[in-house]
Amino acid sequence: MQQRLFLACSLAGLPLASLAQTAPLAATPHFYVGLGVSALSYAPASSYSSLRHFGPSLTLGTQFTPRWALQVGATYSKRRDAASQSYAPSAGQLLTGYAYDNRLTTFTLPLLARYTLDSRSAHFHGDVLGGVTLLHTDLHATSSSTAAGQSPYLSDERLSVTRASLSLGLAARYSLLPRLDLLADGLANVTVTNSFYSFSDRFFFNLLVGARYHFGQR
1 MQQRLFLACS LAGLPLASLA QTAPLAATPH FYVGLGVSAL SYAPASSYSS
51 LRHFGPSLTL GTQFTPRWAL QVGATYSKRR DAASQSYAPS AGQLLTGYAY
101 DNRLTTFTLP LLARYTLDSR SAHFHGDVLG GVTLLHTDLH ATSSSTAAGQ
151 SPYLSDERLS VTRASLSLGL AARYSLLPRL DLLADGLANV TVTNSFYSFS
201 DRFFFNLLVG ARYHFGQR
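Taking the numbering used here, I'd label the letters of the sequence shown as residues 1 to 218.
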């Protein structure tokens, strides 16, 4: 009788033991830090609409599950454009000199959720990005116009613009080392706050290439 009872208990415990051995361990949240270079296709108060706004980028993130992560980034870019020229307002008139100096500083802060797609490769991974991007621009513009024999006309203007945008994009990652990834992110942004113009002023791209280091167990 005792042998039968012991055998029954042993058989009942086999599924539990098997489940304990095969059940995956719960994912432990860990942090990562990324460094890279970002290119912005447009900045408020800027006349450029191509990828000319380059700057260093820093990213801090938390990986909650093997698929879901939340990250915040910061990018700083600075651009200066200056030129001078002389022209004749009309035929026969004396030359007028014109000069300008524009200094543009841009801060970009994207707050993004990152979802990792299925991958059959142990090294290559794809992500979907979505969230909100804050864009702040400071412009200092000076200009002068001097006609022959007249006092120069001087202009000094300062402008600050802050906008919020909805962001959606894709990313590609390559696991170079167990804790180190190489990555490329691409975001499409649509401004939801004030805008100077129409579509051309509301829609812009943000590209980033860099590396990311993970802390803790991946």
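All residues carry an ideal CB built from backbone N, CA and C; glycine is no exception.
Counted within 10 angstroms of its Cβ, other Cβ atoms place residue i as buried (16 or more) or exposed
{"i": "R114", "result": "buried"}
{"i": "N206", "result": "buried"}
{"i": "T133", "result": "buried"}
{"i": "F215", "result": "exposed"}
{"i": "P152", "result": "exposed"}
{"i": "L35", "result": "exposed"}
{"i": "L104", "result": "buried"}
{"i": "L177", "result": "exposed"}
{"i": "D42", "result": "Checking the displayed sequence, the identity of residue 42 turns out to be Tyr instead of Asp. By the neighbour-count rule (16 or more Cβ atoms within 10 Å), Y42 is buried."}
{"i": "S121", "result": "exposed"}
{"i": "Q150", "result": "exposed"}
{"i": "Q71", "result": "buried"}
{"i": "T162", "result": "exposed"}
{"i": "T106", "result": "buried"}
{"i": "L226", "result": "Given a span of 1 to 218 for the chain in the structure shown, any question on residue 226 remains unanswerable."}
{"i": "L154", "result": "exposed"}
{"i": "T28", "result": "exposed"}
Beta-carbon proximity of residue i to residue j, cut-off 8 Å
{"i": "L187", "j": "P110", "result": "yes"}
{"i": "T62", "j": "F31", "result": "yes"}
{"i": "A83", "j": "Y100", "result": "yes"}
{"i": "N189", "j": "L139", "result": "no"}
{"i": "T96", "j": "L135", "result": "no"}
{"i": "A164", "j": "V209", "result": "no"}
{"i": "H53", "j": "R80", "result": "no"}
{"i": "V37", "j": "P56", "result": "yes"}
{"i": "A211", "j": "D185", "result": "no"}
{"i": "Y233", "j": "Q85", "result": "Residue 233 lies beyond the range of the chain shown here (1 to 218); nothing can be said about it."}
{"i": "F203", "j": "L40", "result": "no"}
For residue i: DSSP bridge partner residues
{"i": "S160", "result": "D138"}
{"i": "Q63", "result": "H30 and A69"}
{"i": "Q295", "result": "An answer regarding residue 295 cannot be provided, because it is not within the stretch 1 to 218 covered by the chain."}
{"i": "H125", "result": "R173"}
{"i": "P110", "result": "T133"}
Would you call the stretch 109-125 and the stretch 142-151 touching, i.e. three or more CB-CB distances under 8 Å?
no
Checklist line | the stretch 121-130 / the stretch 164-183 touching (three or more Cβ pairs under 8 Å) | finding: yes
Please give the ranges of any alpha helix (DSSP H) in the stretch 166-208, keeping only runs that are unbroken, at least 4 residues long and fully inside the region.
199-202
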